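In this note's numbering, the protein residues as written are 6 to 501.
Ideal Cβ positions, reconstructed from N, Cα and C, are used throughout, including at glycine.
Because the structure is a prediction, the values reported are computed rather than measured.
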RNA sequence: CGGGAAGUAGUUCAGUCCGGUAGAAUGCCUGGUUUGGGACCAGGUGGUCGCAGGUUCGAAUCCUGUCUUCCCGACCA
C-alpha cells in the first residue's frame with residue numbers, strides 16, 4: 006500500500022475527490038485556458054461510446070447530422086429577445102482578425118487596423134445561426150420537417166467552472182427541428198425526451214425523472230422545456246438532458262415561413278434538444294466509489310481485461326495458449342477485451358489500475374490456475390472475485406456483463422428511492438433539504454413562491470414530473486408555502 | 001464582482017512566525033532481487049521558491065505592488 010496515495014474520497018467533500026478521481030483515472034484535467042478541459046484518450050473513448058449510442062438512437066428518429074459555423078454574428082443573437090437575455094452575460098466575443106508584431110518588440114499584439122465591422126460571438130448554442138440558415142431551406146410544407154443534429158463544441162463564459170459539470174468549453178450535440186404544426190413539434194420535443202431517458206437508464210444505468218421545467222428554469226426562448234433529472238451520490242440533482250419546444254419564437258425572429266397545402270404562409274414550429282459532456286460527470290458521480298470509476302458495461306471502453314500472472318517469458322507463453330482463445334471468442338461475441346501481457350507492472354498494480362478505470366470484469370490466470378484448469382474472475386461493481394473452471398467462461402462473462410449493467414442501475418435506483426421523500430411542511434422542508442435528496446412537495450405554480458423558496462433554501466424545482474414516480478400517486482394538495490391549491494407534487498432539490 | 005485560501009522539483013506538500021548551504025514523499029532513470037492486490041534494496045535525475053521592485057552584508061522567509069489558481073457566494077447544460 007506504500008505507493009497508494011490518497012484516492013479515498015472524503016465523502017462529505019464530494020467535488021474534491023471527484024476531481025482527484027478524474028485526474029487519477031486519466032479521464033480529464035483542466036487546461037491552462039480558464040475553465041476549459043482536456044479530455045484524455047481514455048475519457049474520450051467513453052465519450053465516443055456515448056456519442057455512438059446516442060447517434061444510433063437519433064437516426065432511428067429520422068435525424069440527420071450536419072454542421073454549422075462556430076462564429077455567430079452579434080446581430081443574430083439579439084433577434085430573439087429572451088434568448089439574448091439568457092446568454093448575453095456568458096459570451097466570448099471575437100473582435101479582431103489579425104495579430105502583428107509588437108512595435109515595442111514584446112511578442113505579438115492585436116492589430117488595431119484589423120477590427121471587425123461586426124463582432125462575432127463564439128456559439129453558446131446554435132439556435133440563431135441555424136434558424137438563419139433554415140430560412141433558406143424552407144419554403145413549402147414539402148420541405149418539412151427538418152430534423153438536424155450537430156455534434157460540436159460550444160462556449161459559455163461561466164463565472165465559475167466545475168470539471169465536466171460546467172466547463173467554459175464543452176462538447177455536446179444539439180438537435181434542431183422545424184415542423185409544420187404545433188402538435189408535431191410538441192410531440193417531437195416530448196419524443197426526444199424519451200430517447201434521452203431510455204439512453205440514461207438503459208445505457209448509462211442512471212435512473213432519471215422525466216419532467217417539465219417551471220417557467221423560471223426554462224430555456225431562454227422556449228415555450229416549454231422538458232428535462233431528465235438524475236440524483237448524484239451526494240443527493241444533489243443534476244440536469245442530464247433537455248428538450249425544448251420553442252414554439253414559433255425563432256421562426257418569427259428569423260422570418261422562417263412556409264406555404265401550406267392551403268396555399269397560406271405560416272411560421273414553422275421548432276424544437277431543440279441537447280446533451281453534453283456533463284453526462285460524463287453524471288456517469289462518474291452516479292456509479293463511482295472509493296476505488297475509482299465504475300462503468301456500466303455498455304459504456305466501458307474495455308469491458309473485460311485479461312491479466313496473465315507470470316514470472317518468465319515461458320510462463321507467459323503457456324498462459325497465452327489458454328487465454329488467447331478466450332480473448333478471441335469474446336471478441337467474436339462483440340465484447341471489448343484487452344489482454345495485458347506487459348511485464349512493466351506487477352499484477353497488483355494492474356488490478357488497482359483497471360479498477361481505477363472502471364473496467365467491469367477482470368480475468369486473471371497464473372501458474373496455479375494453469376494446473377487446476379481454472380481462472381479468476383472479478384467484478385468491479387461489487388469488488389468480488391471467484392475462481393471458476395475455464396470451460397464455458399465466455400457465456401459466464403456475457404451473462405455477468407448483463408448482470409453488472411443491471412446491478413449498476415438497481416444500485417443507483419435504490420439510492421434514489423431511499424433519498425426521495427414527500428414533504429408538506431415548509432419548516433420541515435428547510436431542514437430536510439440541506440441533507441440532500443429530492444423532496445416531493447405541493448407548489449402553487451407561481452414564480453414568486455419558487456423564487457422565495459430558492460432564496461431561503463437554495464433549493465429549486467428540478468422538474469414537474471410527467472408521470473408519478475414509482476411508489477407514489479399523483480394527487481392534488483395545497484402549496485406547502487402559501488396553502489393555495491396544487492394539482493400535483495413537484496421535485497425540489499439542491500442542484501449542481 | 002464580494003468573502004476566504006494558496007502559488008517552492010513532473011505531482012502532493014513542508015520550510016515563511018523568528019532572514020544565514022533548497023527539503024520530504026511520490027514520480028522518472030540505472031542495476032539487482034521480485035511478480036496471486038498498487039514490491040524491495042542501492043545509486044541517480046530533477047527547482048530563477050509566480051512575477052517586479054524595495055529593505056539587508058545576506059531574502060523562499062520581511063515590506064510594497066502585481067499576476068494566476070482554488071474554495072464559498074451571485075450566474076449556469
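Contact belief for residue i with residue j at Cβ below 8 Å, rounded distance in angstroms
i: residue 84; j: residue 259; result: 6 Å
i: residue 88; j: residue 226; result: 4 Å
i: residue 273; j: residue 184; result: 6 Å
i: residue 444; j: residue 434; result: 6 Å
i: residue 285; j: residue 48; result: 7 Å
i: residue 243; j: residue 33; result: Residue 243 to residue 33, Cβ: 17 Å. No contact.
i: residue 471; j: residue 217; result: 7 Å
i: residue 277; j: residue 181; result: 5 Å
i: residue 498; j: residue 467; result: 5 Å
i: residue 151; j: residue 76; result: Not really, about 22 Å apart at Cβ, beyond 8 Å.
i: residue 157; j: residue 71; result: That pair is no contact at about 10 Å.
Where residue i falls, given that 16 or more other Cβ within 10 Å makes a residue buried
i: residue 287; result: buried
i: residue 61; result: exposed
i: residue 221; result: exposed
i: residue 464; result: buried
i: residue 142; result: exposed
i: residue 350; result: exposed
i: residue 485; result: buried
i: residue 363; result: buried
i: residue 5; result: Any question about residue 5 goes unanswered here, given that the chain covers just 6 to 501.
i: residue 475; result: exposed
i: residue 442; result: buried
i: residue 147; result: exposed
i: residue 495; result: buried
i: residue 67; result: exposed
i: residue 368; result: buried
i: residue 374; result: buried
i: residue 104; result: exposed
i: residue 100; result: exposed
i: residue 473; result: exposed
i: residue 359; result: buried
i: residue 365; result: buried
i: residue 372; result: exposed
Nonlocal neighbours in the same chain, by C-beta distance under 7 Å from residue i, ignoring five residues either side
i: residue 344; result: 311, 328, 332
i: residue 313; result: 321, 324, 325, 328, 346, 370
i: residue 144; result: 263, 264
i: residue 390; result: 381, 382, 383
i: residue 166; result: 40, 172, 173
i: residue 414; result: 206, 210, 212
i: residue 204; result: 58, 59, 62
i: residue 17; result: The predicted model places residue 17 with a pLDDT of 42, which falls under 50 and marks its position as unreliable; any figure quoted below should be read in that light. Once the five neighbours on either side are set aside, residue 17 has no close Cβ partner at all.
i: residue 459; result: 465
i: residue 13; result: At residue 13, the pLDDT of 36 sits below 50, so the modelled position is not reliable; the number obtained from the coordinates is stated separately. The residues are 295.
i: residue 163; result: 40, 95, 171, 173
i: residue 430; result: 485
i: residue 487; result: 449, 454
Residues that DSSP places opposite residue i in a beta bridge
i: residue 494; result: 447
i: residue 394; result: 379
i: residue 149; result: Answer is none; residue 149 lacks a bridge partner.
i: residue 156; result: 178
i: residue 468; result: 496
i: residue 89; result: Residue 89 is not bridged to any residue.
i: residue 233; result: 215, 246
i: residue 482; result: 491
Check: residue i C-beta below 7 Å from any heavy atom of the ligand SAH
i: residue 282; result: Absent from the structure shown: the ligand SAH. Ligands present: none.
Beta-carbon contacts of residue i that lie in its chain and below 8 Å, excluding the five residues immediately before and after
i: residue 8; result: Caution is warranted here: a pLDDT of 24 is assigned to residue 8, below 50, making its placement in the model unreliable, and no coordinate value can be reported.
i: residue 401; result: 382, 393
i: residue 256; result: 136, 183, 262, 272, 273, 274, 275
i: residue 341; result: 305, 306, 307, 308, 309
Within 8 Å, strictly: CB atoms of residue i and residue j
i: residue 86; j: residue 102; result: no
i: residue 339; j: residue 179; result: no
i: residue 54; j: residue 306; result: yes
i: residue 388; j: residue 304; result: no
i: residue 135; j: residue 73; result: yes
i: residue 176; j: residue 291; result: no
i: residue 493; j: residue 480; result: yes
i: residue 408; j: residue 334; result: no
i: residue 386; j: residue 309; result: no
i: residue 330; j: residue 410; result: no
i: residue 491; j: residue 241; result: no
i: residue 219; j: residue 469; result: yes
Spatial neighbours of residue i in its chain, beta-carbon cut-off 6 Å, leaving aside the 5 residues before and after
i: residue 228; result: 250, 252
i: residue 482; result: 447, 491
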